[in-house]
Amino acid sequence: MNGEKKEYKVLIVEDSPTMRQLLSFILKRIKGVNVVEAKDGVDALKKMSVNKFDLVITDINMPIMDGLKLVNLIRKDDIHKNVPIIIVTTEGGQEDKERAMALGANAYITKPIQSAHLLEVIKQYLK
35 MNGEKKEYKV LIVEDSPTMR QLLSFILKRI KGVNVVEAKD GVDALKKMSV NKFDLVITDI
95 NMPIMDGLKL VNLIRKDDIH KNVPIIIVTT EGGQEDKERA MALGANAYIT KPIQSAHLLE
155 VIKQYLK
């Protein structure tokens, strides 16, 4: 280790301000993480067009563009196609999970979230 501090940019895509705040709070416990928030898939794509992210955390149920459509579009984007995507959602059904994973999500976490579990998953993908 040469003591270089690694900076990470994480995009949180969530239509609930309360949930965005919670996710942001959890992420800030990891050193070197910069959080950018988006309120839906369209907002997320706008932010992704001007920033390069190391990780995307997205909800599924959102207005304008849902999380599954967003995952699909990220996987087709040359710059971000290999970025890990973690879905955090109230959709606990196996079908939803399989669809999300088939579209290219890396992890699927159902709400209510356990912050310790979420942190573990996030750290796994920020290595």
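Numbering-wise, the sequence shown is residues 35 to 161 according to the working numbering.
We put the CB at the ideal spot given by N, CA and C, even for glycine.
Computed from a predicted structure; not experimentally measured.
*Are the beta-carbon atoms belonging to I108 and I46 less than 8 Å from one another?*
no
*Just mark G66 as buried or exposed, buried being the case when its beta carbon has 16 or more other beta carbons within 10 Å.*
exposed
*Other residues of its chain near V76: CB distance less than 7 Å, five sequence neighbours each side excluded*: I98 and M99
*Applying the criterion that 16 or more other CB atoms from any shown protein chain within 10 Å of the CB defines a buried residue, is N36 buried or exposed?*
No answer about N36 holds up, because its pLDDT of 46 lies below 50 and its placement is not dependable.
*Any idea what DSSP makes of V105, helix, strand or coil?*
helix
*When we look at the beta-carbon of D130 and count the other beta-carbons within 10 Å, is it buried (16 or more) or exposed?*
buried
_With the cut-off set at 8 Å, would you say N68 and E41 are in Cβ contact?_
yes
_Nearest to I147 (by Cα), restricted to the options E132, Q158 and E125_ = E125
*Contact set for N106: own chain, Cβ-Cβ below 8 Å, skip 5 residues either direction*: L137 and G138
*Count the other CB atoms within 10 Å of the CB of F59; is the residue buried (16 or more) or exposed (fewer)?*
Under this definition F59 is an exposed residue.
_For K80: DSSP bridge partner residues_ = According to DSSP, which records beta bridges pairwise, K80 is partnered with nothing at all.
_Helix, strand or coil at K161 according to DSSP, with G and I counted as helix_ = coil
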